[in-house]
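Asker: Quick one: structure below, then a few questions.
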Amino acid sequence: SRIIAKVLEDNKLPGAICSLVCGGADIGTAMARDERMDLLSFTGSTKVGKQVALMVQERFGRSLLELGGNNAIIVFEDADLNLVIPSALFAAVGTAGQRCTTARRLFLHESIHDEVVAKLAKAYAQVRIGDPWDSDTLYGPLHTKEAVKMFLDAVEQAKQQGGSVVCGGKVINRPGNYVEPTIVTGLPHNAPIVHTETFAPILYVLKFKEEEEVFAWNNEVKQGLSSSIFTKDLGRIFRWLGPKGSDCGIVNVNIPTSGAEIGGAFG
Numbered sequence: 001s002r003i004i005a006k007v008l009e010d011n012k013l014p015g016a017i018c019s020l021v022c023g024g025a026d027i028g029t030a031m032a033r034d035e036r037m038d039l040l041s042f043t044g045s046t047k048v049g050k051q052v053a054l055m056v057q058e059r060f061g062r063s064l065l066e067l068g069g070n071n072a073i074i075v076f077e078d079a080d081l082n083l084v085i086p087s088a089l090f091a092a093v094g095t096a097g098q099r100c101t102t103a104r105r106l107f108l109h110e111s112i113h114d115e116v117v118a119k120l121a122k123a124y125a126q127v128r129i130g131d132p133w134d135s136d137t138l139y140g141p142l143h144t145k146e147a148v149k150m151f152l153d154a155v156e157q158a159k160q161q162g163g164s165v166v167c168g169g170k171v172i173n174r175p176g177n178y179v180e181p182t183i184v185t186g187l188p189h190n191a192p193i194v195h196t197e198t199f200a201p202i203l204y205v206l207k208f209k210e211e212e213e214v215f216a217w218n219n220e221v222k223q224g225l226s227s228s229i230f231t232k233d234l235g236r237i238f239r240w241l242g243p244k245g246s247d248c249g250i251v252n253v254n255i256p257t258s259g260a261e262i263g264g265a266f267g
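Here is the structure:
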């Protein structure tokens, strides 16, 4: 709050126009119901977002909701793998998979599937795990023990639905809520677990053959927040950006899904 206040004052605005209020659901509920709030922006789970939207709508207010994301990266056979590997790694593993724009699905053209999986698994093995306050750390813990349980449940469901764990899938034996960054292959695009957003570092890797089918698979989940393709084909890029391409709030080309837009709620 002090930093924001200083920035505002440096730009000749009252520092008090921004206030930080800490609390639980009672604070959020009060704000959602307060008619003095012309516009309410909410970042959180889809479940709570629905509740917020209803409360705001009851008073005919306006809301911006930034909720879940089951984000996909699509890699075509002509992609530059020197861009793909670090991009997929950071998008899936950065912040331990606890970002609304985390990559959770990786669609690989069948001709490069095995090569990319092997290179990605090698990159995963080199991830620096540790204290998130350490600048040399890429990957820290999950935020709660409940998140660890959700991670383990998702891995087990993936196995039961036909998936194979290429790497990871276990809890790390050290203080804190640390789990292994995980890659799962062999699942169909419409497997229930693939359509479930698990706020954890699990990446489902799936094969595809044709552009049309994989664009449809990108769009078939309910959490359309961010998406990206890797290709050198300009025609394909324009189709991806057009009305028959991605229907997500963020549509990227040759960069990761993770990140945010200046406009705020973008899904």
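In full-length UniProt numbering, the protein residues as written are 1 to 267. Backbone N, C-alpha and C fix where the C-beta goes; we use that ideal spot for every residue, glycine too.
Mind checking which residues open and close the beta strand (DSSP E) that includes ILE183?
Answerer: Where ILE183 is concerned, the enclosing beta strand (DSSP E) stretches over 182–185.
Asker: Is GLY163 closer than 7 Å to VAL179 when the C-beta atoms are compared?
Answerer: For VAL179 and GLY163, no; Cβs fall outside 7 Å.
Asker: Grouping DSSP H, G and I as helix and E and B as strand, with all else coil, what is ILE193?
Answerer: Reduced to three states, the DSSP call for ILE193 is coil.
Asker: Are the CB atoms of GLU119 and ILE85 nearer to each other than 7 Å?
Answerer: A quick correction: the sequence has Lys, not Glu, at residue 119. Against a cut-off of 7 Å, the Cβ pair of ILE85 and LYS119 comes out as a contact.
Asker: Within 10 angstroms of the Cβ of LEU20, are there 16 or more other Cβ atoms? Answer buried if so, exposed if not.
Answerer: So LEU20 counts as exposed.
Asker: Can you list, in chain order, the stretches of the alpha helix (DSSP H) that have 4 or more residues and sit fully within the segment 216–264?
Answerer: Listed in chain order, they are 234–241.
Asker: Starting from the Cα of ALA25, find the closest Cα among ASN82, GLY49 and ASP78 and give me that residue.
Answerer: Taking only the C-alpha atoms, the option nearest ALA25 is GLY49.
Asker: Please state whether DSSP places GLU210 in a helix, a strand or coil.
Answerer: Of the three classes helix, strand and coil, the one that applies to GLU210 here is coil, per DSSP.
Asker: Could you give the residue range of the alpha helix (DSSP H) that holds ALA25?
Answerer: Residues 25–33.
Asker: State the DSSP-derived secondary structure class of SER41, mapped to helix, strand or coil.
Answerer: In this structure, SER41 counts as strand in the three-state DSSP scheme.
Asker: Taking 8 Å as the limit between beta carbons, can you name the residues of its chain near ASP131, skipping five residues before and five after?
Answerer: These residues qualify, in order along the chain: THR137 and GLY140.
Asker: Between ILE172 and the rest of its own chain, which residues show a CB-CB distance below 8 Å, the 5 nearest in sequence each way excluded?
Answerer: Hits under 8 Å: ILE129, TYR178, VAL179 and GLU180.
Asker: Starting from the C-beta of residue 334, find all residues in its chain whose C-beta is less than 7 Å away, skip the five residues before and the five after it, and write them out in chain order.
Answerer: The requested residue 334 is not part of the displayed model; the chain covers only 1 to 267.
Asker: Leaving out five residues on either side along the sequence, give the residues of the same chain with a beta carbon under 6 Å from the beta carbon of GLU77.
Answerer: If we look at GLU77 and ignore the five residues flanking it on each side, its Cβ neighbours are HIS109, SER111 and ILE112.
Asker: If we call anything under 7 Å between Cβ atoms a contact, is residue 271 one with ALA200?
Answerer: Nothing about residue 271 can be reported from this structure: the residues present for the chain run from 1 to 267 only.
Asker: Can you check the segment 107–192 for any alpha helix (DSSP H) of at least 4 residues that lies completely inside it and give the ranges in chain order?
Answerer: Correct list: 113–124 and 145–160.
Asker: List the residues that DSSP assigns as beta-bridge partners of ALA71.
Answerer: According to the sequence provided, residue 71 is Asn. The question's Ala does not apply to it. In the DSSP output, where bridge partners are listed per residue, ASN71 has ALA103.
Asker: My guess is that SER226 and ASN71 are in contact by the Cβ rule of under 8 Å, so how many angstroms apart are they, rounded?
Answerer: The pair is a contact, with the Cβ atoms about 4 Å apart (cut-off 8 Å).
Asker: Just confirm the distance between the C-beta atoms of ALA5 and CYS22, as a whole number of angstroms; I'd bet it's less than 8 Å.
Answerer: That belief does not hold up - the Cβ atoms of ALA5 and CYS22 are roughly 16 Å apart, past 8 Å.
Asker: Return the CA-CA distance between SER258 and VAL93, expressed in angstroms with no decimal places.
Answerer: Approximately 10 Å between the Cα atoms of the pair.
Asker: So if DSSP puts GLU66 in a beta bridge, which residue, or which two residues, is it bridged to?
Answerer: Paired residue(s): THR43.
Asker: Since ILE229 contacts TRP240 with CB under 8 Å, what's their CB separation in whole angstroms?
Answerer: Indeed they touch by this definition, with Cβ atoms about 5 Å apart.
Asker: Would LEU106 pass as a contact of VAL205 if the rule is Cβ separation under 7 Å?
Answerer: Closer than 7 Å, so yes.
Asker: According to the Cβ coordinates, are ALA154 and THR198 closer than 7 Å?
Answerer: Yes, these two residues count as a Cβ contact at 7 Å.
Asker: DSSP beta-bridge partners for VAL205?
Answerer: LEU106 and THR185.
Asker: Could you name the residues of the same chain whose beta carbon sits closer than 8 Å to that of PRO14, not counting the 5 residues immediately before and after it, in chain order?
Answerer: LEU8, listed in sequence order.
Asker: Is it the case that the segment 28–36 contacts the segment 50–68, given that we only count it when at least three CB pairs across the two stretches are under 8 Å?
Answerer: Verdict: yes, contact present.
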